[in-house]
Amino acid sequence: MTAFPDMSPEVAFETAPARATIHLDHIVANWRALTRLSKARVGAVVKTDAYGLGMEHVAPALSRAGAKDFFVATVPEGAALRNQLPEADIFVLTGLWDGQERAALENRLIPVAGSLDQLGLILRLKREHPDFRYGLMIETGMNRLGIAAGDAVKLAGDRRFRTVLAPCHLMSHLVASDEPGHWLNRKQRESFEEVGAAFAGVESSLAGSAGIFLGEEFHYEVLRPGLALYGGMSSPRQPQGFMPAVTVEARVLQVKTVRAGETVSYGATHRFHREGRVAVVAAGYGDGWLRSMSGSGVKTRADGSPGAHGVVKGFAVPVVGRITMDLTVFDISAVPEGFVLPGDYIELFGESASLENAARAAGTISYEMLTAIGRRYVKRVRAAHFA
Ligand SMILES: *Cc1c(COP(=O)(O)O)cnc(C)c1O
Numbered sequence: 001m002t003a004f005p006d007m008s009p010e011v012a013f014e015t016a017p018a019r020a021t022i023h024l025d026h027i028v029a030n031w032r033a034l035t036r037l038s039k040a041r042v043g044a045v046v047k048t049d050a051y052g053l054g055m056e057h058v059a060p061a062l063s064r065a066g067a068k069d070f071f072v073a074t075v076p077e078g079a080a081l082r083n084q085l086p087e088a089d090i091f092v093l094t095g096l097w098d099g100q101e102r103a104a105l106e107n108r109l110i111p112v113a114g115s116l117d118q119l120g121l122i123l124r125l126k127r128e129h130p131d132f133r134y135g136l137m138i139e140t141g142m143n144r145l146g147i148a149a150g151d152a153v154k155l156a157g158d159r160r161f162r163t164v165l166a167p168c169h170l171m172s173h174l175v176a177s178d179e180p181g182h183w184l185n186r187k188q189r190e191s192f193e194e195v196g197a198a199f200a201g202v203e204s205s206l207a208g209s210a211g212i213f214l215g216e217e218f219h220y221e222v223l224r225p226g227l228a229l230y231g232g233m234s235s236p237r238q239p240q241g242f243m244p245a246v247t248v249e250a251r252v253l254q255v256k257t258v259r260a261g262e263t264v265s266y267g268a269t270h271r272f273h274r275e276g277r278v279a280v281v282a283a284g285y286g287d288g289w290l291r292s293m294s295g296s297g298v299k300t301r302a303d304g305s306p307g308a309h310g311v312v313k314g315f316a317v318p319v320v321g322r323i324t325m326d327l328t329v330f331d332i333s334a335v336p337e338g339f340v341l342p343g344d345y346i347e348l349f350g351e352s353a354s355l356e357n358a359a360r361a362a363g364t365i366s367y368e369m370l371t372a373i374g375r376r377y378v379k380r381v382r383a384a385h386f387a
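So the sequence shown is numbered by the working numbering: it starts at 1 and just counts up by one.
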């Protein structure tokens, strides 16, 4: 988003209220780290605008790095991606419904059938267009989208289905892959294997980021990582070394002294017991800097846990009081006076303040923090370099 039509991108970034630097180089490095971990083809989940980071930048970079399999949530996302990637395999995870047939055909999307009804629609298309490709989502425990394992095995028993109408890909989705010891991991893999045996020769995928770290027996032909590419911690088993994909910062508008006894922000929920200094920055929940991360005065603080903190010039600074729509107040009393000035930027999360800590303070997960990065940030993209 540019503030004024005649403003250069550099000036827009240097003067932004809130800004995000997208580290394509780190995203590509994270993708490559996964290719070293597995013999499977490493795909890329770029749904929801590549977790808020900008699919139009992320997908071409990963394609140049060598990714061939891309996963989006919806047909409109797939059509947008096709404009960028003329060759890639683009899987649509919510499948296909009435009215989307033309968009799917014209953009050579691969819808993943998540119910027998969707499969019926897809098979009608495939009869008319034998080259049309689709996948099957197998229900193994998520109870979200998916065709029952038993139904899939039955379908595979039909000769015409297996020969001319067959899917090009089988997938299922793990319920608790971020809990390596969870009983469902093994159970889901076993029912997935039963279906796979009935569809000999069809490629398959089971693991998102956390599933990858469960071990090779979860890998199959293709991996479907999202969060790990974007620098999130998907699982306690995720190795160190995955790098943050985004640094989010907000501009300091004012620095001021708050006297003993005074309060900060709506509801007067934070009182200074002695004199202190605060920095007022130009980001709030309207920017995806969630209100639940407030320092006080919200339900997520009822247990006494701390709110979010930012980092400025090496100092961690806590949010005080309630985060508002466009503004947040940080306590900078512990930072030497004169160190933080109007026009400086406080990092909200990224390279110095961890995404995971921000998510924890919000009572949510890093996935939601990332996808909340939205409309208002001025984005700068740090390119990846290809040898
Ligand atoms: C979102 C999604 C993924 C990616 O999950 P991460 O945990 O972000 O790696 C993989 N598969 C399916 C079906 C998904 O919906």
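Just so you know, even glycine gets a beta-carbon here, dropped at the ideal spot from N, CA and C.
If you're wondering where the values come from, they're calculated on a predicted model, not measured in any experiment.
Pairing I147 with R133 gives a Cβ-Cβ distance that is not under 7 Å.
Between the C-alpha atoms of L62 and V252 there is a straight-line separation of about 34 Å. Per DSSP, the continuous alpha helix (DSSP H) segment holding H57 begins and ends at M55 to A65. Contact between the segment 200–219 and the segment 23–32 is absent: fewer than 3 CB-CB pairs across the two stretches fall below 8 Å. Counting only the Cα atoms, L170 lies some 14 Å from Q188. In the DSSP assignment, the residues bridged to M137 are M171. A direct Cα-Cα distance of roughly 52 Å separates H309 from A198. C-alpha of Y367 to C-alpha of G232: approximately 8 Å in a straight line.
Contact annotation: T371 and G52 have beta-carbon atoms nearer than 7 Å. Within the DSSP secondary-structure output, T364 pairs in no beta bridge. Counting along the chain, R19 sits inside no alpha helix (DSSP H); it lies in the beta strand (DSSP E) bounded by residues A18 to H23.
Listed as beta-bridge partners of T263 by DSSP are R271.
Taking C-beta separations shorter than 7 Å and ignoring five residues to either side along the sequence, the partners of S204 in its chain run H169, L170, M171, G196, Y220 and E221, following chain order. A check of alpha carbon separations from L155 across G181, R124 and L119 identifies L119 as the nearest.
Of all alpha-carbon atoms in R159, T263, F192 and L116, the one lying nearest the alpha-carbon of L174 is that of F192. In this structure the segment 234–246 does not touch the segment 257–266; the number of beta carbon pairs closer than 8 Å is below three. With respect to the C-alpha of G66, the residue from A353, D303 and E87 having the closest C-alpha is E87.
The beta-carbon distance between I90 and V72, rounded to whole angstroms, is 6 Å. This is short enough to meet the 8 Å contact definition.
For the pair R224 and V45, the CB atoms are nearer than the 7 Å cut-off.
Below 8 Å, enough C-beta pairs join the segment 274–285 and the segment 324–333 to call them touching: three or more.
V75 has its alpha-carbon roughly 26 Å from the corresponding atom of A40. Around the beta carbon of L341, a 10 Å sphere encloses fewer than 16 other beta carbons of the protein chains shown; the residue is thus reported as exposed. Linking L145 to R108 through their CA atoms gives a straight-line distance of about 22 Å.
Taking the Cβ of L93 as the reference point, at least one heavy atom of ligand 1 falls within a distance shorter than 6 Å. About 7 Å separates the beta carbons of P306 and P318, which is inside the 8 Å limit, making them a contact pair. One alpha carbon belongs to A361, the other to W289, and they sit about 11 Å apart. Pairing A334 with H270, the inter-Cα distance amounts to about 17 Å.
For S205, the three-state secondary structure derived from DSSP is strand.
The beta carbon of F272 sits closer than 8 Å to those of V258, R259, A260, G261, E262, T263 and V264, all from its chain and outside the five residues before and after it, given in chain order.
Unbroken alpha helix (DSSP H) runs of no fewer than 4 residues, entirely contained in the segment 321–369, are found at 355–362, following chain order. The C-beta distance from P167 to S235 rounds to 28 Å, too long to meet the 8 Å contact threshold. Taking 7 Å as the cut-off, the beta carbon of G211 is found no closer than this to the beta carbon of L184. In this structure G78 does not touch G95 by the C-beta definition: roughly 11 Å separates them, more than the 8 Å allowed. Of the candidates M137, G99 and R127, the residue whose Cα lies closest to the Cα of V92 is M137. In the three-state reduction of the DSSP assignment, L290 falls in the coil class. Using a 10 angstroms sphere on the CB of V278, the tally of other CB atoms reaches 16 or more, which defines it as buried.
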